[in-house]
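There are 2 protein chains.
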Amino acid sequence: MKDEQIDALAKILKSMSHPIRLKILCLLQNRELSVGDIRNQVETTNANISQHLNILRAQGIIEFRKEANFIYNRITDRRILDMITKMQKLFCPDHKE
Amino acid sequence: MKDEQIDALAKILKSMSHPIRLKILCLLQNRELSVGDIRNQVETTNANISQHLNILRAQGIIEFRKEANFIYNRITDRRILDMITKMQKLFCPDHKE
DNA sequence: CAGGTATTAAATTAAATGCTAAAATAATTT
DNA sequence: AAATTATTTTAGCATTTAATTTAATACCTG
Chain A
-9 MKDEQIDALA
1 KILKSMSHPI
11 RLKILCLLQN
21 RELSVGDIRN
31 QVETTNANIS
41 QHLNILRAQG
51 IIEFRKEANF
61 IYNRITDRRI
71 LDMITKMQKL
81 FCPDHKE
Chain B
-9 MKDEQIDALA
1 KILKSMSHPI
11 RLKILCLLQN
21 RELSVGDIRN
31 QVETTNANIS
41 QHLNILRAQG
51 IIEFRKEANF
61 IYNRITDRRI
71 LDMITKMQKL
81 FCPDHKE
């Protein structure tokens, strides 16, 4: 594994390694959600969620579409979805899909 | 996935998400290595590597055994090894095992 | 257009992280 | 015991990150 690949992967892991961002990714596993939807399931402010979403967007992990005054977010990178699935199997063996 | 599981997993990801630590984990994938061995493959100081190893140890990701005045490190958690393998397949498709 | 809702942006503060150099341990050899 | 090798620890500094507050933007409805 080349150093550049390691650096790129480290960046991805870093962007996933905050509890709020990891939870957001789990919530987005099977569906798309607005900031408000996420806000209802994560104990923090809208502004804070917006910041975390920005980090995930900058990393290219999630994309969004605009509808009315809602913004719906979804995971675009299949590899990220695969990683989340794998991690759930490894670290939460009782997880139901 | 419960919040406590998410928090625990976020910690693991965080400890893996530094380029030097991720590289150390890749180097330790198939073998155990001393600090000096690692030092020869990572461009930094012994002290710095020692610090990163401490973070990985505190997280329970690696263990070590002492022999003479060398300390040999290895990955103890099979789930971490599985994750690294999976990530290599996903993000470095040309990777030879 | 006025008022309301959803989201983002910017600025501030506090806390965590990472690196370096130097000193401290520990085991080994001479 | 002194010198050497391998590793760890500590302290200081600079950088980065996270959360909060406040202000701004965008879109809808009446």
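Protein chains in written order, with the numbering used here: chain A, -9 to 87; chain B, -9 to 87. Glycine included, C-beta positions come from ideal geometry on N, C-alpha and C.
Looking at the C-beta of H8 of chain A, does it have a partner C-beta in chain B at a distance below 9 Å?
-> Mapped onto the first sequence, residue 8 of chain A falls at position 18. Yes, its Cβ sits closer than 9 Å to a Cβ of chain B.
Length of the line joining the Cα atoms of D(-3) of chain A and Q49 of chain A | By 1-based counting over the first sequence, the position of residue -3 of chain A is 7. By 1-based counting over the first sequence, the position of residue 49 of chain A is 59. Their Cα atoms are separated by approximately 13 Å.
Any residues in the segment 54 to 73 of chain B with a beta carbon nearer than 7 Å to a beta carbon of chain A? Which ones, in chain order?
-> Look at the segment 54 to 73 of chain B: the residues with a C-beta under 7 Å from a C-beta of chain A are R69, D72, M73.
Return helix, strand or coil for N63 of chain A, following the three-state DSSP convention.
-> Residue 63 of chain A sits at position 73 when you count from the first residue of the first sequence. It is a strand residue.
Excluding the five sequence neighbours on either side, which residues of its own chain have a C-beta within less than 6 Å of the C-beta of I52 of chain B, listed in chain order?
-> The sequence position of residue 52 of chain B within the second sequence is 62, counting from 1. The beta carbon of I52 of chain B sits closer than 6 Å to the beta carbons of L46, N63, I65 from its chain, once the five residues preceding and following it are set aside; these are given in chain order.
At least 3 beta-carbon pairs within less than 8 Å: the segment 18 to 31 of chain B vs the segment 75 to 86 of chain A | A contact between stretches requires three or more CB pairs, one per stretch, nearer than 8 Å, and the segment 18 to 31 of chain B fails this requirement with the segment 75 to 86 of chain A.
Do you know how far the Cα of K1 of chain A is from the Cα of R11 of chain B?
-> In the second sequence, residue 11 of chain B corresponds to position 21, counting from 1. In the first sequence, residue 1 of chain A corresponds to position 11, counting from 1. Computed Cα separation, rounded: 12 Å.
Straight-line Cα distance separating M6 of chain B from L17 of chain A | Locating residue 17 of chain A in the first sequence gives position 27, where the first residue counts as 1. Locating residue 6 of chain B in the second sequence gives position 16, where the first residue counts as 1. Using only the alpha carbons, I get a separation of about 22 Å.
Along the chain, which unbroken stretches of the beta strand (DSSP E) at least 3 residues long are found entirely within the segment 5 to 70 of chain A?
-> Segments of the beta strand (DSSP E) lying fully in the segment 5 to 70 of chain A: 52 to 57, 60 to 65.
Quick one: Cα of A141 of chain A to Cα of F81 of chain A, how far?
-> Chain A is shown only over -9 to 87; residue 141 of chain A falls outside these bounds and no answer can be derived.
Would you say L12 of chain A faces chain B, with C-beta separation under 9 Å as the test?
-> The residue you call residue 12 of chain A lines up with position 22 of the first sequence. In terms of beta-carbon proximity, L12 of chain A lines the interface with chain B, with at least one pair separated by less than 9 Å.
How about I61 of chain B: is its Cβ closer than 8 Å to a heavy atom in the ligand FMN?
-> No copy of the ligand FMN occurs in the structure displayed, which carries no ligand at all.
Taking all protein chains shown into account, decide if K56 of chain B is buried (16 or more other Cβ within 10 angstroms of its Cβ) or exposed.
-> As a working note, residue 56 of chain B is residue 66 in the second sequence. Classification of K56 of chain B: exposed, given that the 10 Å Cβ count is below 16.
Identify which residue in B:D(-7), B:I70, B:Q31 has its Cα closest to the Cα of K13 of chain A.
-> The residue given as residue 13 of chain A occupies position 23 in the first sequence. Nearest neighbour of K13 of chain A by Cα position, chosen from B:D(-7), B:I70, B:Q31, turns out to be B:D(-7).
Compare the C-alpha of R68 of chain A against each of A:K79, A:Q19, A:L(-1) and name the closest.
-> Along the first sequence, read from residue 1 onward, the residue named residue 68 of chain A stands at position 78. Of the candidates A:K79, A:Q19, A:L(-1), A:Q19 places its Cα closest to the Cα of R68 of chain A.
Sub-9 Å separation of F54 of chain B and L71 of chain B beta-carbons | Locating residue 54 of chain B in the second sequence gives position 64, where the first residue counts as 1. Locating residue 71 of chain B in the second sequence gives position 81, where the first residue counts as 1. No; because the gap between Cβ atoms is not below 9 Å, this pair is not in contact.
Under 7 Å Cβ-Cβ, which residues of chain A neighbour A0 of chain B?
-> On the second sequence, position 10 is the one that residue 0 of chain B refers to. Simply S7, H8, P9, L12.
Proximal residues to S40 of chain A (C-beta, below 8 Å), its chain only, five neighbours per side dropped | Position 50 of the first sequence, counted from the first residue, corresponds to residue 40 of chain A. Correct list, in chain order: V25.
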